[in-house]
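Below is one structure, written out as structure tokens, with a few remarks after it.
There are 2 protein chains.
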Amino acid sequence: MRYARVSVGGRAVWGRVGEEDIELLTGSPLEGDPEVIGGVPRATAVWLPPVVPPVFYAVGMNYPRHIEHVGAATPDRPEVGYRANNALTGHGWPIVKPAEVEGRFEAEPELVAVIGRTLRHASYDEARKSVFGWTIGNDVSARTWQHEDRTFWRSKNSDTFKPMGPWIETDVNALAQTTTLRVNGEVRAAFPTGDMVFDPFDYIVEITRHITLHPGDVLWMGAESTCQIEPSDTVDVEISGIGVLSNPVQREGNRA
Amino acid sequence: MRYARVSVGGRAVWGRVGEEDIELLTGSPLEGDPEVIGGVPRATAVWLPPVVPPVFYAVGMNYPRHIEHVGAATPDRPEVGYRANNALTGHGWPIVKPAEVEGRFEAEPELVAVIGRTLRHASYDEARKSVFGWTIGNDVSARTWQHEDRTFWRSKNSDTFKPMGPWIETDVNALAQTTTLRVNGEVRAAFPTGDMVFDPFDYIVEITRHITLHPGDVLWMGAESTCQIEPSDTVDVEISGIGVLSNPVQREGNRA
Chain B
1 MRYARVSVGG RAVWGRVGEE DIELLTGSPL EGDPEVIGGV PRATAVWLPP
51 VVPPVFYAVG MNYPRHIEHV GAATPDRPEV GYRANNALTG HGWPIVKPAE
101 VEGRFEAEPE LVAVIGRTLR HASYDEARKS VFGWTIGNDV SARTWQHEDR
151 TFWRSKNSDT FKPMGPWIET DVNALAQTTT LRVNGEVRAA FPTGDMVFDP
201 FDYIVEITRH ITLHPGDVLW MGAESTCQIE PSDTVDVEIS GIGVLSNPVQ
251 REGNRA
Chain C
257 MRYARVSVGG RAVWGRVGEE DIELLTGSPL EGDPEVIGGV PRATAVWLPP
307 VVPPVFYAVG MNYPRHIEHV GAATPDRPEV GYRANNALTG HGWPIVKPAE
357 VEGRFEAEPE LVAVIGRTLR HASYDEARKS VFGWTIGNDV SARTWQHEDR
407 TFWRSKNSDT FKPMGPWIET DVNALAQTTT LRVNGEVRAA FPTGDMVFDP
457 FDYIVEITRH ITLHPGDVLW MGAESTCQIE PSDTVDVEIS GIGVLSNPVQ
507 REGNRA
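Chains B and C, in that order, give the protein sequences. The numbers in the numbering used here rise by one with no breaks, and the one at position 120 of the first sequence is 120. Just remember that the numbering used here sits 256 ahead of the position in the second sequence, which is counted from 1.
Quick look at the structure:
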């Protein structure tokens with residue numbers, strides 16, 4: 001099943017995504033068993049981030065070839081960082097490159113686990129069962145800021161820097177897929193989605209030793225490869241079996 | 257005015273705090289002008305974190321004497337980090353010290369700004385007007401983890417490590433107050449709340465150059481002094497003109 005959130009008359013509404021239409025639901029599938037209250041054509045849907053997480057977890061340095069490429073040490077245990085909800089945007093919406101950003105401005109194609117239950121002290125098997133489904137994230141990063149700043153606050157969390165979507169796929173073996181990054185239709189990177197140092201369930205086991213996970217929390221799993229993006233580009237992140245997250249890149253406009 | 261969230265029959269309900277009673281409200285004062293629907297005695301209230309923020313911002317290295325004490329460089333511009341909502345707990349609830357934590361386990365008494373409106377590209381004057389009110393935070397930190405880990409994930413964000421409350425005070429000149437940290441009634445630190453390198457409005461101006469702030473976002477402003485806390489202690493953070501945030505410290509229990 002594919003679940004999304006779409007904008008209907010300015011309101012965020014959960015939907016079940018079919019081939020032609022999206023069935024609109026009474027509520028979140030993370031909080032019960034919602035009923036169908038209508039439908040909209042999929043072709044004209046306005047996609048929102050499929051969930052606004054209570055906590056937004058993100059992983060770095062989780063693909064061996066990426067770690068080798070940047071010359072970092074391989075982590076000896078799963079550790080997480082955070083991203084911020086202001087930066088979320090949906091499938092089809094622009095990534096806005098701030099006027100002040102110079103140097104490398106990059107896309108990072110990531111698998112995202114969406115947590116489906118309240119969870120503490122999880123076993124590996126409980127961690128597997130706790131994932132409601134999978135979506136796609138683009139961890140857009142301004143490298144100059146990333147190197148200049150004490151935290152990732154603006155390098156990775158400026159408005160629109162975290163496209164996520166288009167939907168949550170509940171029926172896929174996410175770790176057996178391929179992640180492909182395209183700019184204007186041209187493949188810039190492709191790698192086995194599951195070729196990770198620690199898998200999502202390893203992270204969930206480690207996180208929940210100290211932290212309660214909640215339904216709707218998301219865990220972004222890192223990227224093996226990244227690529228430069230520029231205003232007027234369109235950047236697609238595809239994970240086979242899940243879908244394609246596509247966003248145009250825009251230059252920040254003049255302020256009124 | 258003082259606004260809080262209290263637990264009533266297992267539900268989180270907003271309230272307006274009086275001397276004897278809490279008037280229960282139809283909704284959040286951050287989202288409109290709620291009406292009174294009842295009341296509960298203040299003495300028996302079960303306090304929740306006064307807000308669950310869309311984004312949880314936190315500042316480090318913001319008091320000159322603290323910076324001098326740790327031998328750090330004084331920041332030349334306002335930068336923020338993040339904390340996580342799982343760690344929030346209310347006034348009166350236990351801070352749970354994990355069984356694995358050794359070494360310094362410390363309280364950090366902090367002023368918290370609660371944002372009241374949607375805000376981008378704010379002037380200093382707009383930043384001043386954007387703060388709905390002020391509350392109190394205790395940025396509990398496990399120093400060994402803080403030094404060992406790549407991020408602050410478990411050192412500052414383990415469950416119960418972020419007491420906040422007891423309420424939001426809307427009518428106070430927060431920067432003209434005194435912050436006092438007490439353990440078991442004994443004063444361990446006291447400092448002028450407003451003796452900061454950058455004040456909350458400086459941070460809001462800088463944040464909103466790149467980021468949209470939303471109603472309910474919180475900004476924790478850092479601490480000048482910290483102190484060790486241990487299971488069976490009670491730790492109070494008082495900010496004059498706002499109130500007292502008090503929490504007992506417990507050792508993590510055996511797991512079933």
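C-beta atoms are modelled at their ideal positions from N, C-alpha and C, and glycine is treated no differently. Note that the coordinates shown come from a computational prediction; the quantities given were computed from them, not determined experimentally.
* Asked: Unbroken beta strand (DSSP E) runs of length 3 or more, entirely within the segment 154 to 202 of chain B: which are they?
  -> 162 to 169, 178 to 183 and 186 to 192
* Asked: Straight-line CA distance for B/A256 to B/S28?
  -> Residue confidence for B/A256 is low, a pLDDT of 44 falling below 50, so the modelled location carries little weight and cannot support an answer.
* Asked: Considering only the beta carbon of each residue, do B/V52 and B/G222 sit closer than 8 Å?
  -> no
* Asked: B/A12 and B/R5: beta carbons closer than 8 Å?
  -> yes
* Anything in chain C within Cβ reach of B/A153, meaning under 9 Å, just list it in chain order. => Looking at the sequence provided, one finds Trp at residue 153 of chain B rather than Ala. Simply Y313, E335, V336, G337, Y338, I463, H466 and I467.
* Asked: If C/L304 sits next to C/G346, beta carbons under 8 Å apart, how far is it from one beta carbon to the other, in whole angstroms?
  -> 4 Å
* Reference B/T144; option with closest CA among B/G133, B/K156 and B/V80 -> B/K156
* Cβ-Cβ distance between C/P365 and C/A432 below 8 Å -> no
* **Beta-carbon contacts of B/D233 that lie in its chain and below 7 Å, excluding the five residues immediately before and after** => V183, N184 and V249
* Go to C/I498, then tell me how far its alpha helix (DSSP H) extends in each direction, as first and last residue. => It is not in any alpha helix (DSSP H) - C/I498 carries neither H nor E in the DSSP assignment.
* Asked: Do you know how far the Cα of C/V302 is from the Cα of C/S263?
  -> 5 Å
* C/M452 and C/N318 closer than 8 Å at C-beta -> yes
* So which residues of chain C does B/E104 contact, with C-beta pairs closer than 8 Å? -> Reading off the sequence shown, one finds Arg at residue 104 of chain B, where the question assumed Glu. Simply none; closest approach about 17 Å.
* **Residue(s) in a DSSP beta bridge with B/S7** => B/A12
* To do: With DSSP as the reference, label B/W220 as helix, strand or coil.
  => strand
* Asked: Helix, strand or coil for C/A512 per DSSP?
  -> No answer about C/A512 holds up, because its pLDDT of 44 lies below 50 and its placement is not dependable.
* With a floor of 4 residues, list each alpha helix (DSSP H) that falls wholly inside the segment 326 to 406 of chain C, ordered by position along the chain. => 380 to 386 and 399 to 404
* Asked: Quick one: Cα of B/E79 to Cα of C/R410, how far?
  -> 9 Å
* To do: Please classify C/P471: does DSSP put it in a helix, a strand, or coil?
  => coil
* Determine the burial state of C/G332: buried for a count of at least 16 other Cβ atoms within 10 Å of its Cβ, exposed for fewer. => Sequence inspection shows Asp at residue 332 of chain C; the Gly mentioned does not correspond to that position. With fewer than 16 other Cβ atoms within 10 Å, it is exposed.
* Span separating the alpha-carbon of C/N503 from that of C/E358 -> 20 Å
* Asked: What three-state label does DSSP hand B/V277 in the structure shown?
  -> Residue coverage of chain B in this structure runs from 1 to 256, which leaves residue 277 of chain B outside it and unanswerable.
* To do: Below 7 Å CB to CB, which residues in the same chain sit around C/T449 once its five sequence neighbours on both sides are set aside?
  => L367, A430, L431, Q433, T434, T435 and I495
* Asked: Nearest to B/C227 by alpha carbon, out of B/E206, B/D236 and B/L219?
  -> B/D236
* Burial state of C/K385 (16 or more Cβ within 10 Å) -> exposed
* To do: Output, in sequence order along the chain, the residues in the segment 136 to 170 of chain B whose CB is closer than 8 Å to any CB in chain C.
  => D149, R150, T151, W153, R154, N157, S158 and D159
* To do: Find the residues of chain C that neighbour B/N85, judging by a C-beta separation of less than 7 Å, and give them in chain order.
  => P310 and V311
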